[in-house]
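Student: Residue numbers (the numbering used here): 1 to 158.
Every residue, glycine too, gets a C-beta built ideally from N, C-alpha and C.
Take this structure first; my questions come after.
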Ligand code: SME
């Protein structure tokens with residue numbers, strides 16, 4: 001699977017939004033975040049590792065994750081790494097080639113690209129969705145729109 005074929009189509013993004021909604025069921029809070037990361041990792045081929053971090057004071061703390069292995073980055077200071085940068089800036093970050101981004105904190109040798117989508121609730125960033133892909137340049141505007149919709153849904157269930 002090359003980068004282009006790994007990328008979401010608009011049709012797939014729409015289908016996956018429905019898939020996330022079904023996976024959420026009636027869950028709320030952490031259970032909802034667990035259901036969402038499990039769905040995203042299990043159903044979107046390019047999403048090799050999926051996590052949700054929550055903001056606790058000046059740190060991001062890993063709250064729910066799904067993937068082949070655990071990350072050592074279970075606590076990341078705001079402002080550090082791509083994760084900390086996106087949370088502090090309050091906007092989505094797409095890194096098409098992690099080897100070229102000096103902010104990148106390495107977790108898995110297989111990771112080639114990454115997207116981090118902040119979760120806004122009550123006028124502040126309460127957490128974020130962090131996704132690693134084993135494919136270079138795996139994330140497009142469609143992933144951003146799709147994952148921002150998922151983030152809004154998780155915010156409503158926070
Ligand atoms: N790569 C992230 C750290 C988290 S791991 O990808 C799970 C970063 O640069 O902030």
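For residue 157, I'd like the list of residues in its chain whose CB is within less than 6 Å of its CB, leaving aside the five on either flank, ordered along the chain.
Tutor: Around residue 157: 28, 32.
Student: Would you decide whether residue 134 is buried or exposed? Buried here means 16 or more other CB atoms lie within 10 Å of its CB.
Tutor: When all chains shown are included, residue 134 counts as buried.
Student: Using DSSP bridges, identify the partner residues of residue 65.
Tutor: DSSP lists 51 as partners of residue 65.
Student: Looking at ligand 1, does it come within less than 7 Å of residue 94, judged from the CB to the closest heavy atom?
Tutor: For ligand 1, not one heavy atom lies less than 7 Å from the Cβ of residue 94.
Student: Relative to the C-alpha of residue 44, which candidate in 67, 26, 121 has its C-alpha closest?
Tutor: Checking every option, the nearest Cα to that of residue 44 belongs to 67.
Student: Taking 8 Å as the limit between beta carbons, can you name the residues of its chain near residue 8, skipping five residues before and five after?
Tutor: These residues qualify, in order along the chain: 16, 44, 46, 140, 142, 143, 146.
Student: Examine ligand 1 and report whether any of its heavy atoms sits within less than 7 Å of the Cβ of residue 33.
Tutor: Answer for residue 33: no, Cβ out of range of ligand 1.
Student: Determine contact between the region 75-93 and the region 107-121, defined as no fewer than three beta-carbon pairs at a distance below 8 Å.
Tutor: In short, these stretches touch, since the Cβ pair count reaches three.
Student: Does residue 60 come out as helix, strand or coil in the three-state DSSP assignment?
Tutor: Three-state DSSP puts residue 60 in a strand.
Student: Which of helix, strand or coil does DSSP assign to residue 88?
Tutor: Here residue 88 sits in helix by DSSP.
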